[in-house]
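Each residue of the sequence shown is one higher than the one before, starting from 2 at the first, in our numbering. Ideal Cβ placement from N, Cα and C applies to all residues, glycine included.
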Amino acid sequence: MGLKLFYGTLTVVPHDAPELEGSSFVKHARTAPAYRLFSVDGFPGLVEAPEGGVAIDVQVWDVPDERWRALLVDEPPEYYGAAVELEDGRLIETVLAPADYVNAGGGVDVSMHGSWRAYKAATSS
2 MGLKLFYGTL
12 TVVPHDAPEL
22 EGSSFVKHAR
32 TAPAYRLFSV
42 DGFPGLVEAP
52 EGGVAIDVQV
62 WDVPDERWRA
72 LLVDEPPEYY
82 GAAVELEDGR
92 LIETVLAPAD
102 YVNAGGGVDV
112 SMHGSWRAYK
122 AATSS
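This is how it looks when you write it as structure tokens:
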């Protein structure tokens, strides 16, 4: 088990979704203002942005190692593991999108929504 940060799709599924089996919700949190959130063909991507970054609403979960490995299979292969800084200074592991991948894929900056959940709510009809 280990603490993991979710910022995208898993923040909009029910907490008892099969993808989260064996995981425990810990808390809602916000990143330090050093990230940008993008939609790349409808898939979320968090990008490091030390200059011009904003705080993004995220979720912290305690995730079994085997579940984490299973979740990583669905991530784009370009994404990489990294620790994200929360507003309180804690570092939590997640996967980030490389800026060049987001740019090449025509990523749309959705940071102004503050979270993937808010972005999805604003764009669903």
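Using beta-carbon positions only, say whether residue i and residue j come within less than 8 Å of one another.
i      : j      : result
Gly23  : Pro65  : yes
Pro34  : Ala18  : no
Ser40  : Val109 : yes
Gly115 : Asp63  : no
Hey, out of the options, whose CA is closest to residue i's CA?
i     : options                    : result
Ala84 : Arg31, Glu20, Thr10, Leu97 : Leu97
His16 : Ala105, Gln60, Ala100      : Gln60
Ala50 : Pro99, His114, Ala122      : Pro99
Trp69 : Ser112, Asp42, Glu94       : Glu94
Compute the Euclidean distance between the alpha carbons of residue i and residue j, then round it to the nearest angstrom.
i     : j      : result
Gly46 : Arg118 : 13 Å
Val48 : Tyr36  : 6 Å
Arg91 : Thr32  : 9 Å
For residue i, count the other beta carbons within 10 Å of its own beta carbon; 16 or more makes it buried, fewer makes it exposed. Which is it?
i      : result
Val14  : exposed
Leu11  : buried
Thr124 : exposed
Lys5   : buried
Gly43  : exposed
Would you say the beta carbon of residue i is closer than 7 Å to some non-hydrogen atom of the ligand SAH?
i     : result
Val55 : Here there are no bound small molecules, and the ligand SAH is not part of this structure.
- Message: To test your reading of the DSSP string, which unbroken alpha helix (DSSP H) runs of 4 or more residues are found completely within the stretch 59-87?
- Response: Listed in chain order, they are 66-73.
- Which runs of the alpha helix (DSSP H) fall wholly inside the stretch 23-53 and span at least 4 residues, in chain order? For the stretch 23-53, not a single whole alpha helix (DSSP H) run of length 4 or above is found.
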